Amino acid sequence: MFPADSSHMDDQLKSILGTVFDLPADEINDQTSPGNAGLWDSLNHLRLVTEIEKVFRIRLSMKEVRAMVSYAKIREIVDHHLQEGSGIEEDESFHNKENDKRI
């Protein structure tokens with residue numbers, strides 16, 4: 003699990019969003035949302051959730067997944083998990099190397 007270092011977390015999140023939505027990281031800001039990120043559709047939203055959970059070793063609730071409507075909200079949700087220390091310990095149910103496929 004990552005420490006709750008906001009600049010490192012921002013870099014990681016922007017990298018994830020950039021990869022999933024095919025956006026340059028320097029163009030991602032608090033207003034980045036499905037309305038202005040062309041590839042942000044339901045399928046890519048699920049890819050985003052999966053990558054965030056894998057990179058930050060957290061589990062997002064359905065309420066949180068539905069609330070992820072902008073970069074600002076995503077950052078708030080991930081920061082909350084990291085501040086809370088609610089990362090997932092290393093276990094086979096979360097990280098099964100046979101099923102670990104890159105997006």
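Under this note's numbering, think of the first position of the sequence shown as 3, with each following residue one higher.
Built from N, CA and C at the ideal position, the CB exists for glycine as well.
The structure displayed is predicted, hence computed values, not measured ones.
- Task: Could you tell me if Pro5 is buried or exposed, where buried requires 16 or more neighbouring beta carbons within 10 angstroms of its beta carbon?
- Result: By one-based count along the sequence shown, residue 5 stands at place 3. Note that Pro5 has pLDDT 45, beneath the 50 cutoff, so the model's placement of it is unreliable and no number is given.
Need the endpoints of the alpha helix (DSSP H) that Ala74 sits in, please. If you number the sequence shown from 1, residue 74 lands on position 72. Taken as a continuous stretch (DSSP letters only), the alpha helix (DSSP H) holding Ala74 covers Tyr73 to Glu86.
Can you give me the Cβ contacts of Gly20 inside the same chain, cut-off strictly under 6 Å, excluding the 5 residues immediately before and after it? Here residue 20 is taken as the residue at index 18 of the sequence shown, counted from 1. The answer, listed in chain order, is Ala27.
Pick from Gly87, His83 and Ala74: whose alpha carbon is nearest that of Asp32? In the sequence shown, residue 32 corresponds to position 30, counting from 1. Scanning Gly87, His83 and Ala74 for the CA closest to the CA of Asp32 turns up Ala74.
ask   = What is the C-beta distance between Ile18 and Val57, in whole angstroms, given that I count them as a contact (C-beta under 8 Å)?
value = In the sequence shown, counting from the first residue as 1, residue 18 sits at position 16. In the sequence shown, counting from the first residue as 1, residue 57 sits at position 55. Confirmed, about 6 Å.
Would Val22 pass as a contact of Arg49 if the rule is Cβ separation under 9 Å? Indexing the sequence shown from 1 puts residue 22 at position 20. Indexing the sequence shown from 1 puts residue 49 at position 47. In this structure, Arg49 lies closer than 9 Å to Val22 by Cβ.
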